[in-house]
Every structure is written in C-alpha cells, then in structure tokens.
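Residues in the sequence shown are numbered consecutively from 860, following my numbering. Each residue gets a CB set at the ideal place from its N, CA and C atoms; glycine is no exception. Source: prediction; values computed, not measured.
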Amino acid sequence: MLLQNSQGTKIACHNNNVCIRKDYGLWKYNLPEKVGGANVVEALSFQCSILYRHWRFRLKEAHYRGKTKAQARANKPSTVDKEAWVWFVDEYWGSPKQERISKINTENKLRLTETPANGSRSTARICYDMMNEPPVFSTQDLEGSSEPVEVEQEPIYLRLFEKTKKHKKKDGGSGWEPIAEKIYEELKKLHETQIEEHGKDTLSVKDAYIKVLKPKSGYLKGLGPGARPPKKGRNGENNERVELSTQVDTLTASNEELRVSNEQLKASNEEFKASNEELKVEFARMNKEAIEREQKLREDMLKMFEDMRNNGSRTSS
C-alpha cells in the first residue's frame, strides 16, 4: 500500500508496517544516515510501525472488542474518519484471516509460563536507568582507611533480569516463576564463566541475553519489542565489534576517573542538588516533547488515511 500526503510525499505501508522513504526522511528532518552504527531511517520506520500497531490495538480494545460489526461501525472514534473506520472493522479486524490470527494469539497468551514483573515501566527504561546509576560506595572504613571503596555490583544483565522477572509478594517477600528462575541461574553461570576466563565480565545486556535466551523470530527474548538480534552477514559487523571493544576500554578508563573525582563530587553536593532540579525540569521538558511527538505521529497517521481516501476517490473518478 502506498499512501501520499498533501505535500506529495509517499510513504509505503507493507504488512501493516510503516516504511519511511529514505530520501524523504533525510530531507525533511535533516537526519544522518547512521548513528552509532545503526541506520537511522530503518530505526525510525521500525519505531513508527510499533507506535502504529499500539494505536490500532488501543482502538480495537476501546471500540471493537466484544461488539458485533454493526455495533463497532456505529461506535466510530472521533479521531478516525468514517471510511478508514469501516476498513478497520470490515476488512481488517473482521476479516477471517485476522480473526484466525487473533484466536491463535489468544491461545498462545494463555500458554505463557511466565509473566513480567516490571509493572508499568518498560524493560528498556529500567535498563537505561540502571546504566545511568552512580557507583555505589561502602560507608565502612576498611583497615583504618577513610577512603570510600566502590562496591562491586552484579552485571546489569543479571540485575535487569531479576528486576523484570522476580515477582514481589503481598507479604513483602519475592519469588521466581520456575522457568525464570532457571534462566536466572544460567545468567549467573555465564557471569561466573566470564570472570574465570577473562578476569572480568564485559558482556552487554544484549550479548548476555543472546547467549542464554537465544533470539527467536527476529527479536530478543526478555528485552521488549524494540530489541532485535544482529543480522547475519551484515556489512561492517567486524568493524562494529572492534568499535564496541574500544568503547569498553574507554568506559573502563572513565570509570577509574570517576573514582578519583569522587571526593570532588562530595564537595560539590549543593551544586549537585541544584543540577538535580535542572534535570527534573529537563526531564519534564523531554516528557512533554515525547507526548507531542506521539500526538504528531497520530496526526500523521490520520492524515495518511485521509490522503488514501482522496487518492481512492480520484482513482474511481
């Protein structure tokens, strides 16, 4: 399917995935081709497709599920024009193929043996917060020294899996589901193997999850819909590995610098508090921009449906 907006820009939709034309994306937003080795337009197209699917899901839950087709057609949301809504009800959700897929998905959901424990926060957000946590220092003096000693923590991939899979109980305790506990033990063994063989564990979250959980159907288990395994035979893969290794060494050196500057950070505690307030303001701004971007995406989707309707009208005439 090829949609066209009022400026004449064409955006392809294939298998309900939004595909941004490369020349249009780079021209309109002045985007670089790659950031950190990742193709920008491919990443944006993938993210737009996810947002589009989530939008469709919310529409279905609020205005279609549990209703007959006639009731659903009469229950059209104000944000969708009539022609697009009829297409959703009759040709998409109400089609035999989609009803069969929906039934299969429901049965698969009922067969799940483990459930997430991260609440409303996504796995990606929890992982990001963990990566930006400050070092933890011991408050106890060691052998008469007053110098703070950094506490060695488990790798992020272990803490992330525990945070997202270990359930809290009503009595204040916590517990694992059987399969999740088995995977956690395998991750711990992987960490121990890295220490024994290399002296330190430098595995990233994605690498550790790939080794233990294994990629399936183009996605990585345990990391949410945004994480994808590396493509086989991708050009420049070896260069990317060398670059990642360099980044690890750079981060290790930066960590040593952070230890040395710990006393300076303590002395500037008041300044840090002021900066913290600025960060809160910045976070609020970023959150507002994210909401505005999502609203803009919704408006663009509605505009694409309007353009599709206009193109259909011109074709029929």
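Note to self: Distance check for K935 and V1140, CA to CA, integer angstroms please.
What the structure shows: For the purposes of this step, residue 1140 is identified with residue 281 of the sequence shown, where counting begins at 1. For the purposes of this step, residue 935 is identified with residue 76 of the sequence shown, where counting begins at 1. Distance between the alpha carbons of V1140 and K935: 38 angstroms.
Notebook entry, point to check: Does the count of Cβ pairs from the stretch 1021 to 1029 and the stretch 977 to 989 closer than 8 angstroms reach three?
Noted result: yes
Checklist line | Cβ-Cβ separation, K928 to G953 (assumed contact under 8 angstroms), whole Å | finding: For the purposes of this step, residue 953 is identified with residue 94 of the sequence shown, where counting begins at 1. For the purposes of this step, residue 928 is identified with residue 69 of the sequence shown, where counting begins at 1. Their Cβ separation, rounded to whole angstroms, is 5 angstroms, which keeps G953 and K928 in contact under 8 angstroms.
Note to self: Helix, strand or coil, according to DSSP, for G1081 in the structure here?
What the structure shows: Mapped onto the sequence shown, residue 1081 falls at position 222. Coil, per DSSP.
Checklist line | Coil, strand or helix - N1128 by DSSP | finding: Here residue 1128 refers to the residue found at position 269 of the sequence shown. It is helical.
Check: Ends of the alpha helix (DSSP H) at L903?
Finding: By one-based count along the sequence shown, residue 903 stands at place 44. That run of the alpha helix (DSSP H) goes 899 to 922.
Margin query: Can you tell me whether D1166 is buried or exposed? The criterion is at least 16 other CB atoms within 10 Å of its CB, across all chains shown.
Written below: Your numbering for residue 1166 matches position 307 in the sequence shown. Buried: at least 16 other Cβ atoms inside 10 Å.
Notebook entry, point to check: Is the stretch 1053 to 1060 in contact with the stretch 982 to 997, if contact means three or more CB pairs nearer than 8 angstroms?
Noted result: Touching, no.
Check: So which of V948, G925, Q1106 has the shortest CA-CA distance to R932?
Finding: Mapped onto the sequence shown, residue 932 falls at position 73. Nearest of V948, G925, Q1106 to R932, Cα basis: V948.
Next item on the list: Check S1033 in the structure and name its three-state DSSP category.
Entry: Reading the sequence shown from its first residue, position 174 is the one you call residue 1033. Three-state result, S1033: strand.
Margin query: Under 8 angstroms: do the stretch 896 to 908 and the stretch 1136 to 1153 share three or more Cβ pairs, one atom per stretch?
Written below: no
Check: The alpha helix (DSSP H) spanning P955 covers which residue range?
Finding: Stepping through the sequence shown from its first residue, residue 955 is reached at position 96. Taken as a continuous stretch (DSSP letters only), the alpha helix (DSSP H) holding P955 covers 955 to 969.
Notebook entry, point to check: What is the rounded straight-line gap between the Cα of H1068 and the Cα of S937?
Noted result: Position 209 of the sequence shown, counting from 1, holds the residue named residue 1068. Position 78 of the sequence shown, counting from 1, holds the residue named residue 937. Per the sequence shown, residue 1068 should be read as Tyr rather than His. Going from the Cα of Y1068 to the Cα of S937 covers about 43 angstroms.
Item checked: Proximity of A840 and F1164 at Cβ, strictly below 7 angstroms -> Residue 840 lies beyond the range of the chain shown here (860 to 1176); nothing can be said about it.
Check: Relative to the alpha-carbon of S961, which residue among A983, Y987, V945, K919 has its alpha-carbon at the smallest distance?
Finding: The residue given as residue 961 occupies position 102 in the sequence shown. Here the closest residue by C-alpha is K919.
Check: Would you say A897 touches the ligand NAD, meaning its beta carbon is less than 6 angstroms from a heavy atom?
Finding: Annotation note on the ligand NAD: not contained in the displayed structure, which lists no ligands.
Notebook entry, point to check: In this structure, does DSSP put K1027 in helix, strand or coil?
Noted result: Translated into positions along the sequence shown, residue 1027 becomes position 168. DSSP places K1027 in strand when its eight states are reduced to three.
Next item on the list: Give the straight-line distance between the Cα atoms of L1082 and R1168, rounded to the nearest whole angstrom.
Entry: Indexing the sequence shown from 1 puts residue 1082 at position 223. Indexing the sequence shown from 1 puts residue 1168 at position 309. Between L1082 and R1168, the C-alpha separation is close to 38 angstroms.
Margin query: Quick check on the DSSP output: the alpha helix (DSSP H) that includes L890 runs from which residue to which?
Written below: Residue 890 sits at position 31 when you count from the first residue of the sequence shown. That residue, L890, is in no alpha helix (DSSP H); it is neither H nor E in DSSP.
Next item on the list: Name the residue from N1135, R1087, C986, L1138 whose alpha carbon lies nearest to the alpha carbon of P1014.
Entry: Counted from its first residue, the sequence shown places residue 1014 at position 155. Of the listed residues, the one whose Cα sits closest to P1014 is C986.
Check: In whole angstroms, what is the alpha-carbon distance linking E1130 and V1119?
Finding: Stepping through the sequence shown from its first residue, residue 1130 is reached at position 271. Stepping through the sequence shown from its first residue, residue 1119 is reached at position 260. Cα-Cα distance, rounded: 19 angstroms.
Note to self: Tell me the residue span of the alpha helix (DSSP H) that contains L1072.
What the structure shows: Here residue 1072 is taken as the residue at index 213 of the sequence shown, counted from 1. Counting along the chain, the alpha helix (DSSP H) containing L1072 begins and ends at 1064 to 1072.
Checklist line | With 16 other Cβ atoms within 10 Å as the buried cut-off, status of I1150 | finding: Taking the sequence shown and counting its residues from 1, the one referred to as residue 1150 is at position 291. The residue is exposed, with fewer than 16 neighbouring Cβ atoms inside 10 Å.
Next item on the list: Name, in chain order, the residues that DSSP records as bridge partners for K1075.
Entry: For this step, residue 1075 is matched to residue 216 along the sequence shown. Per DSSP, Y1078.
Note to self: Taking 8 angstroms as the limit between beta carbons, can you name the residues of its chain near K926, skipping five residues before and five after?
What the structure shows: For this step, residue 926 is matched to residue 67 along the sequence shown. Excluding sequence neighbours, K926 sits near N934.
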